[in-house]
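Peer 1: Mind looking over this structure? Questions follow.
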Amino acid sequence: MKIDPDLRLQIMEKVGIYSNRFSIPEPRLLLTTKDVLDAPKEMTEGRRTSAYKYYGVSYLQHNLVFVNVRKIPDEKILENTIVHELIHMRFQYLAHGKRFNKLVRQGLRGKTFPPYRKRNKISAI
Ligand SMILES: [Zn+2]
Numbered sequence: 667m668k669i670d671p672d673l674r675l676q677i678m679e680k681v682g683i684y685s686n687r688f689s690i691p692e693p694r695l696l697l698t699t700k701d702v703l704d705a706p707k708e709m710t711e712g713r714r715t716s717a718y719k720y721y722g723v724s725y726l727q728h729n730l731v732f733v734n735v736r737k738i739p740d741e742k743i744l745e746n747t748i749v750h751e752l753i754h755m756r757f758q759y760l761a762h763g764k765r766f767n768k769l770v771r772q773g774l775r776g777k778t779f780p781p782y783r784k785r786n787k788i789s790a791i
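Going by the working numbering, 716 is the number at position 50 of the sequence shown; the sequence numbering is gapless.
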């Protein structure tokens, strides 16, 4: 898809809506490979020069998401990519797989998720 101010705004809106539903802070967005290369190296380490190959990349530790708008062919895949990356942000411990895909489908359908909370460790003396 071709990035223009309209599409940029649409993406920011979608990210805002889904971040809200998933109870995560809105990530900083990178929408072109140039944005990725311009970002501080330590933020994009590991997926910097290879980012162009993917529809999206989450830089979890930096609350940073790359949406590779140029590579994305249509709106459906765009929405999918946004939700996929934001599910990574909400469920950081979860790897790709059946459960991950299920959460993406639920997210696309409008499901909300409560904030992530680390389980309390039980301490006993
Ligand atoms: Zn992924």
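Positions of the beta carbon are idealized from the N, C-alpha and C atoms, including for glycine.
Small disclaimer: the values here were computed from a predicted structure and weren't measured.
Between Asp740 and Pro781, what straight-line distance do the alpha-carbon atoms span, to the nearest angstrom?
Peer 2: Counting from one through the sequence shown, the residue named residue 740 turns up at place 74. Counting from one through the sequence shown, the residue named residue 781 turns up at place 115. In this structure, the CA atom of Asp740 is about 30 Å from the CA atom of Pro781.
Peer 1: Run through DSSP, which three-state label would Tyr725 get?
Peer 2: For the purposes of this step, residue 725 is taken as the residue at position 59 of the sequence shown. Strand, per DSSP.
Peer 1: Is His750 near ligand 1, in the sense that its beta carbon is under 7 Å from a heavy atom of that ligand?
Peer 2: As a first step, residue 750 is located in the sequence shown; it is residue number 84 there, counting from the start. Result yes, Cβ under 7 Å from ligand 1.
Peer 1: Does the distance from the C-beta atom of Thr710 to that of Ile669 stay below 8 Å?
Peer 2: As a position in the sequence shown, residue 710 is number 44, starting the count at 1. As a position in the sequence shown, residue 669 is number 3, starting the count at 1. No, the Cβ-Cβ distance between Thr710 and Ile669 is not below 8 Å.
Peer 1: Using a 10 Å radius around the Cβ and a threshold of 16 neighbouring Cβ atoms, would you call Ile791 buried or exposed?
Peer 2: Taking the first residue of the sequence shown as 1, we reach residue 791 at position 125. Burial call: exposed.
Peer 1: Secondary structure at Leu695, three-state DSSP: helix, strand or coil?
Peer 2: The residue labelled residue 695 in the question sits at position 29 within the sequence shown. In the structure shown, Leu695 sits in a strand (DSSP, three-state: E or B).
Peer 1: Would you mind sorting His762 into buried or exposed? The rule is 16 or more other CB atoms within 10 Å of its CB.
Peer 2: What you label residue 762 is simply residue 96 of the sequence shown in a count that begins at 1. Answer is exposed; the Cβ neighbour count stays below 16.
Peer 1: Quick one, are the C-beta atoms of His750 and Gly712 less than 8 Å apart?
Peer 2: In the sequence shown, counting from the first residue as 1, residue 750 sits at position 84. In the sequence shown, counting from the first residue as 1, residue 712 sits at position 46. Their beta carbons are not under 8 Å apart, which means His750 does not touch Gly712 by this criterion.
Peer 1: Smallest Cα separation from Ile683: which of Arg736, Lys784, Gly773 and Ile788?
Peer 2: As a first step, residue 683 is located in the sequence shown; it is residue number 17 there, counting from the start. When each option's Cα is compared against that of Ile683, the closest is Gly773.
Peer 1: Using DSSP with H/G/I as helix, E/B as strand and the rest coil, what is Val733?
Peer 2: If you number the sequence shown from 1, residue 733 lands on position 67. Residue state, collapsed to three classes: strand.
Peer 1: Any idea if Met755 is buried or exposed, counting beta-carbon neighbours within 10 angstroms, 16 or more meaning buried?
Peer 2: The count along the sequence shown starts at 1 and reaches residue 755 at position 89. That one is buried.
Peer 1: Determine the direct distance from the alpha carbon of Lys719 to that of Arg736, and round the result to whole angstroms.
Peer 2: Counted from its first residue, the sequence shown places residue 736 at position 70. Counted from its first residue, the sequence shown places residue 719 at position 53. Computed Cα separation, rounded: 11 Å.
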